[in-house]
Each structure stands twice: as C-alpha cells, then as structure tokens.
Amino acid sequence: MTTLSIPFLVDYLYWMRDRVLDSAAALAGDAFVAPDGPTLHGRTLRATLAHELDVEMSWRGKLQGRPIDEWGPAAEIKPDQFGSVGAMRATWADHEGRTRSWIATLTPRDLEAPTSVNGLDGRPLADYLHHVVLHGATEFAVAAGLLADMGHEVGDISILRMLADR
C-alpha cells in the first residue's frame, strides 16, 4: 500500500459508513437509541458509531495541529448527542466534508513527512491516516454485527463490493 491510496481508503471508509447508517435507519422505533440493545466491547450501536465519529474528528484535529480543546476530551462526541440516525448522518456529513477537503490538499510529500504535532511520535502522516481508516473499518464491522443481532443485515462491506458497486 502506498501513501497515494489514502483518498481511496477514505472513499471506502465512507462507503462502509453509508451502508451501516442505511441499515441503522431501517430500525424500528427507538431501537437506535435504546440503551438495552445488543453490545460489543460495552458499546451499543449508537455508542459504537458515535465513538467512530469521535475518533475521526479527534484524529483529524490532532493531525492538523489544532488546539486540544477542539479535538480532545472537552470536544468528545458522545452517543446522547444523537437522537436519531438522521441527526448522526447530518453531523457526519459535515465532518466528512472537512476530512475530504483536508485530504485533497495533501501531497505525497505531506503524506510521507514525519508528523510530531500534538505530541505524535514522528511517523509519516500516512501511517496515522491508515490507522484512522483501519480503526473505522473495524468499528463499522462491529456496527454491522450489532445490526445483524438486531435483525438488520448490512450485507457485504468489503472493498471488492465497493468496487463492484462503483
């Protein structure tokens, strides 16, 4: 994998997210916000998705060198901020726009440069972005499993499925 793969991986991440949110939107009643739904790693579906959105937001801010109050504990995205899948989707669309705009400005040199802002250990920027995408893929797979437990299969969310859908 090269650093030039970052935009593709971001496309894949948001393709997965859309499949999961589409399935979550089909849940009946208040199943999305119910605190007694199925859990994995101690998180419900809504908590899993809020965690993923928070991770994306916080890593973007951290990697961009933004002040900690914009991405740290004080800015944490919490599940109870979202009373519906639609509310989560709207917030995520805003964050996706910010992420894609930033990614579009990055050159191969930027992606290969050591990154030490906000206390990071100097790995290439691409390494941190790969981490963010792979964390997201894991969380969306968890969310897909929780949705399956709730009777709403997400279906195939592999990269090959995304390519076939394109």
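With our numbering as the guide, the letters of the sequence shown map in order to residues 1278 to 1443.
The beta-carbon is built from N, C-alpha and C at its ideal position, and this holds for glycine as well.
Have a look at aspartate 1346 and valine 1419 and give me their C-alpha separation to the nearest angstrom. Each residue's CA atom was taken as its position, placing aspartate 1346 and valine 1419 some 29 Å apart.
Counting Cβ pairs, one atom from each stretch, are 3 or more of them under 8 Å apart for the segment 1365–1377 and the segment 1286–1300? Judged by Cβ distances under 8 Å, the segment 1365–1377 makes contact with the segment 1286–1300, as three or more pairs qualify.
For leucine 1317, list the residues DSSP reports as bridge partners. The partner list for leucine 1317 (beta bridge, DSSP) reads Arg1320.
Using C-beta distances below 8 Å, list every residue in its chain close to tryptophan 1379, excluding the 5 sequence neighbours before and after it, in chain order. The beta carbon of tryptophan 1379 sits closer than 8 Å to those of Arg1337 and Gln1341, all from its chain and outside the five residues before and after it, given in chain order.
From this set, Leu1397, Leu1402 and Thr1368, which residue's C-alpha is nearest leucine 1383's C-alpha? The candidate whose alpha carbon is nearest that of leucine 1383 is Leu1402.
Apart from the five residues just before and just after glycine 1314, which ones in its own chain have a Cβ nearer than 7 Å to its Cβ? If you ignore the 5 residues before and after glycine 1314, its C-beta comes within less than 7 Å of the C-beta of Ala1308, Thr1321, Leu1322 and Met1427, all in its own chain and listed in chain order.
Quick one, which of Gly1399, Arg1386, Pro1344 and Pro1350 has its alpha-carbon nearest histidine 1328's? If you compare the alpha carbons of Gly1399, Arg1386, Pro1344 and Pro1350 with that of histidine 1328, the shortest gap goes to Pro1350.
Return the chain-ordered list of same chain residues with a C-beta closer than 7 Å to the C-beta of alanine 1311, the five sequence neighbours on each side being excluded. Result list for alanine 1311: empty, nothing under 7 Å.
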